[in-house]
Every structure is written in structure tokens, then in C-alpha cells.
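Some notes on the structure that comes next.
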Amino acid sequence: MKTDVYRFNNVNKVICANCAGKKSKVYKLINKDKNTVYELDIKDYYLCKLCNGKNTINTIIETFSTVTGDDVDRESLIEFLQELEKEGIIDKIIQIESSKTINIEDEARIYADILKESKRETELKIDDENNIEEPSLMIWIWESRNPQNILKGASEFSKSIRGFINLAQYSLVILFPLAIGTILNNIDQLKADYTTYLIENIPNIFGLLTVAGVQASLAGLASGIVTQSFNNPPTSISFGLLMGFIPQVAIRFKSEYLTSRQRRIAFSSIIKVRMFVLSVAVYIWQTSHTYGTTLPFYTIIFIITGFIGLIIDSFPLWPSPGYYSLISAIDKQDVIRSTISIWLMLIKGVSLPKELSARRINISKVIGIIGLIEGLIIIYILISFLSRGISDVFVKEVFGEGARWLISLGLTLYVANVVYKFWKAMSNAREAKLGSIPTTKK
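The sequence shown lines up with residues 95 to 536 when you count with our numbering.
Quick look at the structure:
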């Protein structure tokens, strides 16, 4: 009697690695011909190993149940094997059914080796190629490896003012559009204040950066407080000075242990804080001009840093699961530092994780465009300082009249080149989504 049997295709390169968004290890089968990466958990990979070209469906079911302790449905197994065959992971062959029995002890040893390999890979450190060094511009002053008590206190305090917080959130629906409308209606005054307090007073940029650090820290604390409520408390909280004078609070948590919805809630809290601070700053700015107070200098700094911070923080919030996959893959939990690390990976030519579906690729292309726009905005702000301040005294005399235009062009091309690398790396990635064989405990 002839029957269909399956044989594992050994042309696939097998590696054991972390899976973004999952606690357990997975086996990744890399098919270089199709430029595809398949993810299988430990038991699914063992099923592939059972497909040796000799074992029948009944033998596979019996062996799998005996060795792993899980029962598997025959129809589900056949559908799963057909899916693996379609993707080229296993091959189907026809063979005369034999009465040869399988050695359970040998199979149990094979399964134990798979588990041991997974455990060993868990204990290995990240490969040096992907272990990106963080910028050494931060001076850390204080760090707590047990931040639960600190954030728990902040969480309890936030509960006591929950009514105010909810009111602030709902008011953003009105406050933020009004703030944007106020800026558009008074754009000439904003430009005048920007020129007076910043461009014509270059040292004020230090105050601007300091305020930017304070806003980023407040937003980070809000995210940490929200994450605390997900039964996944942050692993550490640190305070330091970026470049020696910009205050920053860094909260690290295991983002890969959060669901997609929880991540969106945690990161959206950052945006809400940014929007609220920006709205209040715009209101105070307009009021100060109306009543002739001395607050425009401080409010204009909050407005400028608020806009820049909102743009920067909105980049990782963009609806792309691929971004969170990258955060988990490089083992960085802080949003801003993760973004920096990802760009460093691109600049150094390190291959990005390839677990990206077609949908994620298209969204990543949109992110590439947004990243280019963000880069151009930041370059424009820097060039405005350079052209109005230092360049008049130094750059023009040393390099000539067209120096600032050459610098602007060079920086623009540099950002465009980095964004192109990001786009190209994302476009070449593809992930095949495979189902998992359903099992039940015996």
C-alpha cells in the first residue's frame, strides 16, 4: 500500500533566535532562494524533524504525542504539513508503507537536544555585529534597578488626580486644534519672537535644549506610569545629563512582553503629554503678548521644543509593528535610544531584522518619507542658526559666501542617503506567516 510521507528540506538554514514580541525562542528557517524567513516554535520544528521521508502521518502523531506529551489532531497536522510543503520547508514523497517501528528513546533524545539548543541560545549574548554601542554623550547621575516603588508612588498620585488627567486628555480634542489655529493666525508674531529670542541670541539655544530635555523626561515618566499598570513594570529608571546640561529621564521596560495595544497606549501617553504642554505654552504665549508680560521668551522655547519633540516622538508612534520588532530585536527598550540605535545600525551597514510582512514594508516606506521630512525640518532649524549667527562671523570668512548653501546641500544629501538605505533594507525584507499546529495537553 502506497502512502504520502514528508521529508524535511535541509536546504533551509536553521537558526535559533529571539522572536520579537514573544517570550519564547523560535527556530528561523532561512530560504535564501526565496529570500524568506520562516518562524517555527520548538514543537513545530520538531514536527519538521519527524518528517524524515519514512515516518507516516500516524507514526508522526504517535511519536509527537509520546515525546512531547501533547496530542495533535490528524486533520490539523495534515493541513500544517501541506502549508509547510507549499512554502518549500518539507517535500512530499510517495512510499510503500512499512511496518518498521520507531525508537521512542531516540526521538526523545532528539527532542531533548532541540530544547537544550534553545536554552543554550537563550543564554548566549547578542552577536557583536548587532551589538550597537550607544552614543557616549550621556552622563548618568542616578539609576534605580528597582523602579517599581518610585513609579508605583507616581501611579498612586496619578490616581488621586485621575479626574484632572481625564479632563486634560479630553480637552486635547479642543485645546490642540485651537493651539494650532492660534499659531497659524499669529505666524508673523511667532517668526518675530523666534528671530528675537533664538536666532539673534545664539546662546539661548542651550536653554532651548534644556527645556527639550525636561519635556522629554515628563513624557517618559508618563509612559512609565502607564506601563506600570500592565503587570510589566519597567526594569530601570535613570536620570542623566545629555551633553552635560540637558536633563533626561530614561525608563526602560521589556517592550517585547507588551501586547501591541499596550505598546500603543504606553507610547501614545508620550504624545498626549507633548500635545498638552504645547497647547498650554501657546495659550500662555498669546496671553503674554496680549497683556505685555515678559513670558514670550520662555513660551517660545516651549513652543519650538514642543513641535520638535512632537515630531520626533510621533515617528516611533507611527502605526508600524515593524518598528516595535526592531526595538525588541536590538534589545533596547527606551524609545529615543532605540531610534538612535536603529539609525546607527543603518549607518554602519548592519542588516536589519527581516521579520517584516508586505504590509509592514509599505508602512516602512511611508516612515522613510516621514524620516526624510523630519530630517529636513531639523536641518532647516540648524541652518537658520548657522546662517544668522556663527556663519556670519566664521563660515563666510573662512569658506566663502556659498558655504552655508553647500553645508545645507551636504546635510540634506546625507539624510537622504540614510533614509534611502532604510527604505532599501525594509523593501528587501519579507516574512512568510506560518500557522502553528494546534496541540492539547494529555
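Positions of the beta carbon are idealized from the N, C-alpha and C atoms, including for glycine.
Looking at the structure shown, is Asp282 part of a helix, part of a strand, or coil, going by DSSP? Residue 282 sits at position 188 when you count from the first residue of the sequence shown. In the displayed model, Asp282 falls within a helix according to three-state DSSP.
Kindly list the residues whose CB is nearer than 6 Å to the CB of Leu312, restricted to its own chain and excluding five residues on each side of it in sequence; keep chain order. Locating residue 312 in the sequence shown gives position 218, counting from the first residue. The beta carbon of Leu312 lies closer than 6 Å to those of Val367 in the same chain, with the five residues before and after it left out.
Can you name the start and end residues of the alpha helix (DSSP H) that Asp138 belongs to? Residue 138 sits at position 44 when you count from the first residue of the sequence shown. Note, Asp138: alpha helix (DSSP H), 136 to 144.
Rounded Cβ spacing between Val320 and Ser265 (contact assumed at less than 8 Å): By 1-based counting over the sequence shown, the position of residue 320 is 226. By 1-based counting over the sequence shown, the position of residue 265 is 171. Between the beta-carbon of Val320 and that of Ser265 there is about 19 Å, and that puts the pair past the 8 Å contact cut.
Closest by C-alpha distance to Ile365, when choosing among Cys142, Gly307, Gln263, Ile394: Counting from one through the sequence shown, the residue named residue 365 turns up at place 271. The candidate whose alpha carbon is nearest that of Ile365 is Gln263.
Can you give me the Cβ contacts of Thr276 inside the same chain, cut-off strictly under 7 Å, excluding the 5 residues immediately before and after it? Working through the sequence shown from its first residue, we reach residue 276 at position 182. Take Thr276, set aside five residues on each side of it, and the residues of its chain with a beta-carbon closer than 7 Å to its own are Val376, Gln380, in chain order.
Distance between Phe270 and Val374 (C-alpha atoms, nearest Å): The residue you call residue 374 lines up with position 280 of the sequence shown. The residue you call residue 270 lines up with position 176 of the sequence shown. The straight-line gap separating the alpha-carbon atoms of Val374 and Phe270 is approximately 9 Å.
Quick check: the Cα distance between Ala344 and Val308, rounded to an integer number of angstroms? Position 250 of the sequence shown, counted from the start, is the residue given in the question as residue 344. Position 214 of the sequence shown, counted from the start, is the residue given in the question as residue 308. For the pair Ala344 and Val308, the Cα-to-Cα distance works out to about 12 Å.
Residue environment, Ile268, which counts as buried when at least 16 other CB atoms sit within 10 Å: The count along the sequence shown starts at 1 and reaches residue 268 at position 174. That one is exposed.
Collapsed DSSP secondary structure at Asp287 in the structure displayed: Translated into positions along the sequence shown, residue 287 becomes position 193. Look at Asp287 here: in three-state DSSP terms it is helix.
Among residues of its own chain, excluding the 5 on either side of Trp236, which ones have a beta-carbon nearer than 6 Å to its beta-carbon? Taking the first residue of the sequence shown as position 1, residue 236 is located at position 142. Answer for Trp236: Phe333, listed in chain order.
Compute the Euclidean distance between the alpha carbons of Ile184 and Ile172, then round it to the nearest angstrom. Numbered from 1 along the sequence shown, position 90 holds the residue referred to as residue 184. Numbered from 1 along the sequence shown, position 78 holds the residue referred to as residue 172. Straight-line Cα distance between these residues: approximately 12 Å.
Please determine, among Ile155, Leu141, Thr160, Lys148, the residue with the shortest C-alpha to C-alpha distance to Glu177. Residue mapping note: residue 177 aligns to position 83 of the sequence shown, counting from 1. Between Glu177 and the set Ile155, Leu141, Thr160, Lys148, the nearest pair of CA atoms involves Leu141.
Between the Cα of Thr304 and the Cα atoms of Gln283, Phe396, Ser317, Ser330, which residue gives the shortest distance? Here residue 304 refers to the residue found at position 210 of the sequence shown. Nearest of Gln283, Phe396, Ser317, Ser330 to Thr304, Cα basis: Phe396.
Enclosing alpha helix (DSSP H) for Ile183 [first to last residue]: The residue you call residue 183 lines up with position 89 of the sequence shown. Where Ile183 is concerned, there is no enclosing alpha helix (DSSP H), given that its DSSP letter is neither H nor E.
When you compare the CB positions of Tyr291 and Ile394, do they come within less than 8 Å of one another, or not? Here the question's residue 291 lines up with position 197 in the sequence shown. Here the question's residue 394 lines up with position 300 in the sequence shown. Here Tyr291 is near Ile394, since their CB atoms are less than 8 Å apart.
Kindly indicate the opening and closing residues of the beta strand (DSSP E) around Asp167. Within the sequence shown, residue 167 is the residue found at index 73, counting from 1. Careful: Asp167 lies outside any beta strand (DSSP E) and carries neither H nor E.
Nearest neighbour of Asn260, chosen from Val161, Thr384, Phe370, Tyr385 [CA to CA]: Locating residue 260 in the sequence shown gives position 166, counting from the first residue. Looking at the Cα atoms, Phe370 is the closest of the given residues.
With burial defined as no fewer than 16 other Cβ atoms inside 10 Å of the residue's Cβ, what is the status of Thr162: buried or exposed? For this step, residue 162 is matched to residue 68 along the sequence shown. Sixteen is the threshold: when 16 or more other Cβ atoms of the shown chains lie within 10 Å of the Cβ of Thr162, as they do, the residue is buried.
Quick one: measure Cβ to Cβ for Ala360 and Ser317, integer angstroms, because I've assumed they're closer than 8 Å. The count along the sequence shown starts at 1 and reaches residue 360 at position 266. The count along the sequence shown starts at 1 and reaches residue 317 at position 223. About 5 Å separates the CB atoms of Ala360 and Ser317; that is less than 8 Å, so the two are in contact.
Using CA coordinates, which residue listed in Thr153, Glu179, Gly182, Glu181 is at the minimum distance from Arg168? Translated into the one-based positions of the sequence shown, residue 168 becomes position 74. The shortest C-alpha to C-alpha distance from Arg168 to any of Thr153, Glu179, Gly182, Glu181 is the one to Thr153.
Counting C-beta neighbours from all protein chains within 10 Å, is the total for Asp287 16 or more, i.e. buried, or is it exposed? As a working note, residue 287 is residue 193 in the sequence shown. The residue is buried, with at least 16 neighbouring Cβ atoms inside 10 Å.
How far does the alpha helix (DSSP H) with Thr162 in it reach, from first residue to last? Numbered from 1 along the sequence shown, position 68 holds the residue referred to as residue 162. Looking at the DSSP string, the run of the alpha helix (DSSP H) that includes Thr162 is 151 to 162.
Applying the criterion that 16 or more other CB atoms from any shown protein chain within 10 Å of the CB defines a buried residue, is Leu278 buried or exposed? For this step, residue 278 is matched to residue 184 along the sequence shown. By the 10 Å Cβ count, Leu278 comes out exposed.
In the DSSP assignment, what residue or residues form a beta bridge with Ser373? Along the sequence shown, one-based indexing puts residue 373 at 279. According to DSSP, which records beta bridges pairwise, Ser373 is partnered with nothing at all.
Hey, how far is the Cα of Gln283 from the Cα of Tyr385? Translated into positions along the sequence shown, residue 283 becomes position 189. Translated into positions along the sequence shown, residue 385 becomes position 291. Roughly 15 Å separates the two Cα atoms.
Suppose you measure from the CA of Ile155 to the CA of Ser170; what does that come to, to the nearest Å? Locating residue 155 in the sequence shown gives position 61, counting from the first residue. Locating residue 170 in the sequence shown gives position 76, counting from the first residue. Rounded to whole angstroms, Ile155 to Ser170 spans 11 Å at the Cα level.
Assign Ile331 to one of two classes, buried (16 or more other C-beta atoms within 10 Å of its C-beta) or exposed (fewer than that). Your numbering for residue 331 matches position 237 in the sequence shown. Per the 10 Å Cβ criterion, buried.
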